[in-house]
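Encoded as structure tokens, the structure appears first; notes follow it.
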Amino acid sequence: MKCMSRWKSLKYTRQRVFGLETNAYLYVLTALLFWIPTTYTTESGQSTYQGTASVFVGDKVSAPLKSNVQESGMEANEEGSLCANKKEKVKIKYSASVVENEYIVAYNGYYRQEARSRFIAAALNDSNVIHWEILPRFNPASDYPSDFDVVQIQENNGHDGIDALKDHPAVKRVTPQRMVVRHLHLVDDDTPDIYFNLTSEEHEWEEPSEDESDDNYGILEDDINEKAEQKSQESIDLSGEKCKGSECARIKESSWPASRLIRRSSLTLGTAFWQTTGRHTSRRLLRAIPRQITSTLQADVLWSMGITGTGIKVAVFDTGLSKTHPHFKLIKERTNWTNEKTLDDGLGHGTFVAGVIASSGKACLGFAPDAELHIYRVFTNNQVSYTSWFLDAFNYAILKKVDVLNLSIGGPDFMDHPFVDKVWELTANRVIMVSAIGNDGPLYGTLNNPADQMDVIGVGGINFEDQIARFSSRGMTTWELPQGYGRVKPDIVTYGTLVQGSSKEGKCRQLSGTSVASPVVAGAVTLLASGVLHRGGIINPASMKQALMASARRLPGVNMFEQGHGKLDLVKAYQVLSKYKPQASLSPSYIDLTECQYMWPYCTQPLYYGAMPTIINVTILNGMGVSGHIVNKPVWHPYTPQNGQYINVAFTYSELLWPWSGYLAVWISVNESAHDWEGYARGHISVTIQSPPEEGETQPRTSYIKLPVKAKIIPTPPRQKRILWDQFHNLRYPPGYFPRDNLRMKNDPLDWNADHIHTNFKDMYQHLRNSGYYIEVLGSPFTCFNAQDYGTLMIVDPEEEYFPEEVTKLRRDVENGLSIILFADWYNVSVMKKIKFYDENTKQLWMPVTGGSNIPALNYLLASWGMALSDGVYEGDYSLGDRDMYYATGTALAQFPKGGTVIRKTLKNQAKEVLEAENENVEDVPILGFHQDPSKTGGRITVYGDSNCLDNSHLQKDCFWLLEALLEYTMSGHLASIFTANSGAPVQPSSELPAKMENSNLYKHSKVVEHTLGVEQTRPLPDCPAVMVSTPQPLNISNKNLNIHVGLKLLSQPEMLPAVKMMPMELQGENSVAHVLAHPPQVVAAEGLAPSLYNRERIPTLAVLSLLLLALLFCYWYCTRNRPKRRRNKFRKVVLAAINGRLPSV
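Residues 1 to 1146 (this note's numbering) are what the sequence shown spells out, left to right.
Have a look at this one:
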């Protein structure tokens, strides 16, 4: 089952906590102080109530807006029913679009309606706006102060109105209103795609009910292969749809979707999962067996202790829930945030999610049946939602002080700032948010927002064989690129395949997807929270996340970007929470660059002197408070007996930890003294986190964290084995429309996987490593690397422009021996205009920023060598020697030096097929060229017109062998005979080269060009990144454990030290923290724990005395236990006999 896709956004720079958090509490407080009856109606339990709040915020009390949210007796829309047929599968697609002329105006605080109206009027009355209107919002939150408005603005041209709003001091941000549409349709199919994912969208399906035969769960491989063949044939037409008669003509007129779809097709066929856990090495068909998810996770253990979810408010943001559903006994409140007059679930998705969390139905029990359910209906029966609906519902959830919120939605767009700001505000108000990580696996770099945020619990899916589900999205996070590196996500995984839950008809059903795994964790969190209510305010989004991750069971053979910290362990998590003490922790909790598979990709390539720094992006979780900061700076402690001095460590980190979290980026490089040394280096990083005191405390809360580090170092490899990957010039969605490189993939038109060697180029990276090459990533301009260190620079599918300084330096580098391998992609202005998105609802056009690659920019880079690429778009199969190849939407050479070797092939003119719906074969298309620089020490250049054969996104036939052959040429100068035997005629220079598309908005997303007074110009060349190496503080100690994570304690162990006045005398005084961190610790603590209060030198003596005492106690017990009982009994008999006068005579 697919998580409901939602376009969200994320700005990497965090906002200050104090303004937002204070405003949130003001919002709640003032609403409660000025509670006045009014006319709107929501449902609470089995009855209704009336009420509103008119709040004084710097002005007079406002007259409340009226709204009416009532239950409707209308029948649910059965066309979208998920329960129409037990033998049918539901195909789901999601789209999002910008609503024309509607904007979300976010304010710096919460204001009543009249005050907000005056702000808008003051900004727009003097502008050149034709008409503007604040759109009313008829929902329960409309009667309370709000921090945003939806404004409709009509302008002749320009953006005067938008600029005027942005300039108003009370306005924080102005963003377009977005509409999200979910498309469900049923397909006859008895084969769950969990085993063989053959379609281009994510799916949900239903298995037979309990009274049906288990034989129905069988799967036939022949049927699967037949379906795969049918799907393959259906995807050949560029329309991407099955059509009949006049439908085909309509589709051909506009051969691209009407909105921005984000689903992708499967990458491989024939296996159920991307990676096994090591227990299963061969492919086999699995028998699906229905089972209770609560029994599998041992929820009954907590139930037997009286823990059933009582006292916890859990919010479900979905499609609603029926009031009379028999599976739910405590529906506290149902609210409708859509434009439909119903509170019921017409689709079944919201019912299923709520059932997994809190159902009391015996056949499909939920985790917390006694929890208070708060149902937020944010999707219509037509599966439409708007950003403003979510914002209002989020505000209402804060007002209602919900404890847990499940959000089974997600999308790749992390540039929708109002949505992400509101998620931050929710968690800052102690709402534990659980969200699905996405159903875009098995491709890496496919995490969905908001599950990829640090303050949200992101959940991935596994099956009941403890294997990572094929559909589950993989890490890393991508919005830190190109300068940084992504964080570890998901946080945790749990069962998400064939999970039983409630249907809207009152029965049970089975669904799969991360939107199933998310409510499993949300239900577990609700149950856990109810079990520790007696501990007061100790539970918050960070502490709950810490407990889940610390107790998770790691899956063998699976890396951290697939499983996070492992599989949910409910009982163990409860044990951790029962003893939890507020503290800060790190994710991952250690850095072992040698541990495979868990630490993939770090473990696949050792460190060496001269390499680009290895970046590990560590998440800081702060369970001590919503805000905090790092005291002084992190400190690197190398272990001198274990060669730690050979490592240089630098840090970048969050200045403010909010809400509940931050980041610590660790930059590791090798010292020059180890340029020819091989071995392992160890040490640890110490970090001190501090948070403000809680209520009743006088001193700040402080937590000391130790981050163990282990790395393998080798001598610096020769230049001929080192490859530099250009990451700086790769752009992707979001925020702009960067189209896919393969035009046939109509259901997945956005290029959003970051084009990184550890995301969608993962298999290529692994192939190069297996071939003995070392690959490094360049996240800065070409002016920032030493070309003498590398044999080949790889430029693959670039969309960015180039600085003139880069072009000059690269020319000089090639003359001095650097070689270049370029894999380009298509670029054609007419095709770009053809594939624009047009939405029938909003009448909006979304034009591509560039083609698959930025060919005009590449031609500018290649002009020094007399090379250029054309605007032709070609596709087709061809052979090169005994190798079968597929050219998927590539370009061709337009100019190439006469002395070079050129490969020509016959291909289809795909541009003509897209533009005119006609097929045409073109002979002798120059697709590959080899060039030797004429300089005495010159390098070599190879150019290939298509990168799809390296990209996992839509890989059909890989060309890794071709890449290896190209590297053999660029590294050693040897040109394989397969190329010389297939060489063609030289390329005749073309006088017409591709030009930039007029009115392109590439400058909005570029790091190289900008617009000044309507003229595009190059930005100043940025400085090369320089990270200050941390001053090491060596320790003369060793860690004898082979695996550095051995000995790490659970988070239930106390890690937070008391306030300064309660600390031991030796830890107090001037610069006490610095003193502790600057010297060998006064305690040897377990890995990952704070120093204890004992002196290290006293530990052996205490240990010996303890052992002696235990030995004495054991001896005493043993002697007492084994004293002959006969002697004691005989003596007693003699005494008794004497007393009674029955002594025997002599």
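Glycine residues also receive a C-beta, built at the ideal position from the N, C-alpha and C atoms.
Inter-segment contact for the stretch 568-586 and the stretch 518-526 is present: three or more beta-carbon pairs are separated by less than 8 Å.
By the C-beta density criterion, Leu862 is buried, having at least 16 other C-beta atoms within 10 angstroms.
DSSP places Glu799 outside both helix and strand once states are collapsed to three, so it counts as coil. Closest in C-alpha terms to Thr937, from the list Pro1034, Trp389, Asp491, Gly973, comes Gly973. The C-beta of Asp440 has 16 or more other C-beta atoms within 10 Å across all chains shown, which makes the residue buried.
Beta bridge pairing from DSSP links Trp865 with no other residue. In the three-state DSSP reduction, Asp143 falls in the helix class (H, G or I).
Beyond the five residues adjoining it in sequence on each side, Lys422 comes within less than 8 Å, by CB distance, of Phe390, Leu391, Phe394, Asn395 in the same chain, given in chain order. Annotation for Thr497: Ile194, Asn463, Ala469, Ser512 place their beta carbon closer than 6 Å to its own, counting only its chain and skipping 5 residues before and after.
With a minimum length of 4 residues, the unbroken runs of alpha helix (DSSP H) contained wholly in the stretch 750-832 fall at 762-770, 804-815. Rounded to the nearest whole angstrom, the CA to CA distance from Gly817 to Leu950 is 25 Å. Inter-segment contact for the stretch 665-685 and the stretch 641-652 is present: three or more beta-carbon pairs are separated by less than 8 Å. Its chain contains Ile821, Phe930, Leu966 as the residues whose beta carbon lies nearer than 6 Å to that of Thr942, once the 5 sequence neighbours on both sides are disregarded; these appear in chain order. In the DSSP annotation of this structure, the continuous segment of the alpha helix (DSSP H) that includes Asn395 starts and ends at 387-399. A distance below 8 Å between beta-carbons, with the five flanking residues on each side excluded, links Gln177 to the following residues of its chain, in chain order: Val98, Val99, Glu102, Tyr103, Ile104, Val150, Tyr386, Thr387, Ser388. Assignment of alpha helix (DSSP H) within the stretch 487-570, counting only whole runs of 4 or more residues, yields 514-531, 541-551, 560-563 in chain order. In this structure Ile689 is in contact with Ile630, their Cβ atoms being roughly 6 Å apart against a cut-off of 8 Å.
If you draw a straight line from the Cα of Asp877 to the Cα of Thr889, it comes to about 11 Å. By the neighbour-count criterion, in which a residue is buried when 16 or more other Cβ atoms sit within 10 angstroms of its Cβ, Pro798 is buried.
The Cβ-Cβ distance between Pro412 and Trp846 does not fall below 7 Å. A Cβ-Cβ contact shorter than 7 Å links Gly366 with Gly355. In this structure Phe119 is buried. Its beta-carbon is surrounded by 16 or more other beta-carbon atoms within 10 angstroms. For the beta strand (DSSP E) assignment, the uninterrupted runs of no fewer than 3 residues enclosed by the stretch 691-727 are, from N- to C-terminal side, 701-713, 722-726. Counting along the chain, Val1015 sits inside the beta strand (DSSP E) bounded by residues 1015-1018. Sorting Pro986, Asn952, Ala868 by C-alpha distance to the C-alpha of Gly899 places Pro986 at the top. Counting only runs of 3 or more residues that sit fully inside the stretch 954-1029, the beta strand (DSSP E) segments are 1009-1012, 1015-1018, in chain order.
A contact is defined here as three or more CB-CB pairs under 8 Å, and the stretch 678-689 meets this definition with respect to the stretch 633-648. Of the candidates Ser947, Asn786, Gly346, Lys836, Asn786 places its Cα closest to the Cα of Arg812. For the 7 Å CB-CB criterion, Val807 and Val873 do not form a contact.
For the pair Leu750 and Pro848, the Cα-to-Cα distance works out to about 10 Å. In the three-state reduction of the DSSP assignment, Gln597 falls in the coil class. For Arg682, DSSP records a beta bridge to Lys710.
Selection Ser473, Pro541, His1005, Ile538 evaluated against Ser515 yields Ser473 as nearest (Cα-Cα).
In the DSSP annotation of this structure, the continuous segment of the beta strand (DSSP E) that includes Phe930 starts and ends at 921-932. For the pair Val171 and Ala106, the Cα-to-Cα distance works out to about 6 Å. The stretch 553-561 and the stretch 525-539 do not touch, with fewer than three beta-carbon pairs separated by less than 8 Å.
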